[in-house]
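One structure below.
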Amino acid sequence: MILYFSGTGNSKLVAEKLSILMKEKLHNLEHGALPALHEQERLVLVAPLYFWTLPSPILRYLAQHPQLSQKELHVVITCGGAMGTGASLITRQLRCLNFKKVYVHALVMTTNYIPRHKVHAPEAAAKAIQAALDKLPIIAEDIRRKRGAHTSSFLE
Ligand SMILES: Cc1cc2nc3c(=O)[nH]c(=O)nc-3n(C[C@H](O)[C@H](O)[C@H](O)COP(=O)(O)O)c2cc1C
-19 MILYFSGTGN
-9 SKLVAEKLSI
1 LMKEKLHNLE
11 HGALPALHEQ
21 ERLVLVAPLY
31 FWTLPSPILR
41 YLAQHPQLSQ
51 KELHVVITCG
61 GAMGTGASLI
71 TRQLRCLNFK
81 KVYVHALVMT
91 TNYIPRHKVH
101 APEAAAKAIQ
111 AALDKLPIIA
121 EDIRRKRGAH
131 TSSFLE
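Count the sequence shown with our numbering and you get residues -19 to 136, in order.
Here you go:
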């Protein structure tokens, strides 16, 4: 199953494309009850990066559904510029929620953080989004092979 949260559509688009590519069902975590999750089913979370970490609605949702932490979790992060130490900080946040095995995958798209970032012009944004979508087959393969982004051990 692919769970997602999206403020402005980048992560929604990635989740939708990934669900088609990987033949996984899709669930927006803001819409209704969590669908049944079978024992062998893979769990993928698609989310935007907020200040190098997971957005608080996601952390609340995962805390409210502790059964999810029994699964290995693949987190596909969309971000506007760079992951920075995001993979390590997110792994740490998820460990605090009892997730034992976490793989983080990063996709640089286009930023929606208007207060501080230089926002792309529409054509540049479309190009950046397409470049990110072109990487989805690699991300799907990394998920299948359980390969995640490098994390820094002192931050984990
Ligand atoms: C509050 C906030 C904080 C953000 N922090 C980061 C950040 O630390 N690094 C980064 O590269 N992008 C950051 N962004 C940009 C988003 O991660 C990026 O645009 C993402 O793809 C948006 O996904 P969405 O359209 O699914 O909401 C931030 C955006 C917001 C709204």
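Every residue, glycine too, gets a C-beta built ideally from N, C-alpha and C.
Less than 8 Å between the CB of residue i and some heavy atom of ligand 1, yes or no?
i      : result
C76    : no
T91    : yes
T58    : yes
A41    : In the sequence on display, residue 41 carries Tyr and not Ala. Result no, Cβ not under 8 Å from ligand 1.
K(-8)  : yes
T(-12) : yes
M63    : yes
F79    : no
Y30    : yes
V82    : no
H97    : yes
V88    : yes
G128   : no
G12    : no
Here's a check: name, in chain order, each residue in its chain whose Cβ is nearer than 7 Å to the Cβ of residue i, leaving out the five neighbours to either side.
i   : result
K74 : Checking the displayed sequence, the identity of residue 74 turns out to be Leu instead of Lys. Taken in chain order, the residues that qualify are L53 and V82.
L34 : A27, I70 and Q73
On a CA-only basis, which of the options is nearest residue i? Give me that one, please.
i      : options                   : result
I123   : L77, T(-12), I57 and A104 : I57
P95    : I109, K126 and G60        : G60
N78    : Y93, K3, L39 and I109     : L39
Y(-16) : I118, P46, E19 and L29    : L29
H97    : H11, Q50, L48 and A62     : A62
E21    : A67, L42, L48 and L87     : L48
R125   : H85, V(-6), A101 and V99  : H85
Going along the chain, which residues of its own chain have a beta-carbon closer than 8 Å to the beta-carbon of residue i, five neighbours each way excluded?
i   : result
L1  : L116, P117 and A120
L17 : M(-19), L23, Q47, L48 and K51
H7  : M(-19), I(-18), L(-17), Y(-16), L14 and P15
What distance in whole Å lies between the Cβ atoms of residue j and residue i, which are believed to be in contact at a cut-off of 8 Å?
i   : j   : result
T65 : W32 : 6 Å
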